[in-house]
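Numbering (the numbering used here), first residue to last: 106 to 328.
Ideal Cβ placement from N, Cα and C applies to all residues, glycine included.
Bear in mind the structure is a predicted one, so any value in this text is a computation, not a measurement.
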């Protein structure tokens, strides 16, 4: 959960679902400090691959031209935001060690940031021996109280619950904010989410209601 230093401010509670495999999640997370006086963000690590499987999608890295574009976009966007960004040696990687480490550290802002920094600033490969050892060091450094890093079964159970909850909430990709049952997907949806918080009737206009329930004119044959 992102910390708040001004206790007199009543913050809007929001849920953030993410997977370390997504550089989009890193880019969005890097902007969280801007929200510290507006939002009370609860961080939920999930398995992106499980979301893809549930909704019948391919990941961006599974489509070769899209993979090239998105990797270039990540670097361009990071430079545009003025934040450090170094991809690990290979991607996609197995995100499980990073996700479980985050949960072991209670998914706090500090632990999550430490893991993101390890992967996308230091460029560490988080599914190899050296990277996994550094993940454990992050948890030990930043978490005031932790789950047992060695208790994989308990950590995996929490991860499954997080992922199932995300699917129940209509989350189909990462990163995603969920606010009062509304889904805001993607690193570029932050402003839309903030507008909804300021104007809860955002999706209640006639046109918003129409486009939210309009029929499909063409259904592609996927076989």
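Quiz item: Helix, strand or coil for residue 110 per DSSP?
Solution: Residue placement at residue 110 cannot be trusted, given a pLDDT of 39 that sits under 50; the coordinates are not used to answer.
Self-check item: For residue 130, the nearest candidate out of 148, 116 and 284 (CA to CA)
Solution: Residue 130 has its Cα closest to that of 148, out of 148, 116 and 284.
Quiz item: Considering only C-alpha positions, which residue in the set 163, 227 and 138 is nearest to residue 327?
Solution: Out of 163, 227 and 138, 163 has the C-alpha closest to the C-alpha of residue 327.
Quiz item: Any contact of the stretch 150-169 with the stretch 282-292, i.e. 3+ C-beta pairs under 8 Å?
Solution: The stretch 150-169 vs the stretch 282-292: no contact.
Self-check item: Where residue 119 sits in the DSSP three-state scheme
Solution: DSSP places residue 119 in strand when its eight states are reduced to three.
Self-check item: residue 256 versus residue 313: straight-line alpha-carbon distance, rounded
Solution: Take the alpha-carbon of residue 256 and the one of residue 313: they are about 46 Å apart.
Exercise. Counting only runs of 3+ residues fully inside the stretch 159-222, write out the beta strand (DSSP E) ranges in chain order.
Key: List check, beta strand (DSSP E) in window: nothing returned.
Exercise. Assign residue 323 to one of three DSSP states: helix, strand, or coil.
Key: Judged by DSSP in its simplified three-state form, residue 323 adopts coil rather than helix or strand.
Quiz item: According to DSSP, is residue 150 helix, strand or coil?
Solution: Three-state result, residue 150: strand.
Exercise. Go ahead and pull the three-state DSSP assignment for residue 284.
Key: Note: residue 284 maps to strand in three-state DSSP.
Self-check item: Proximity below 8 Å, CB of residue 156 to CB of residue 278
Solution: Against a cut-off of 8 Å, the Cβ pair of residue 278 and residue 156 comes out as a contact.
Quiz item: Should the stretch 239-246 be regarded as contacting the stretch 161-180, the criterion being three or more beta carbon pairs within less than 8 Å?
Solution: The stretch 239-246 is not in contact with the stretch 161-180.
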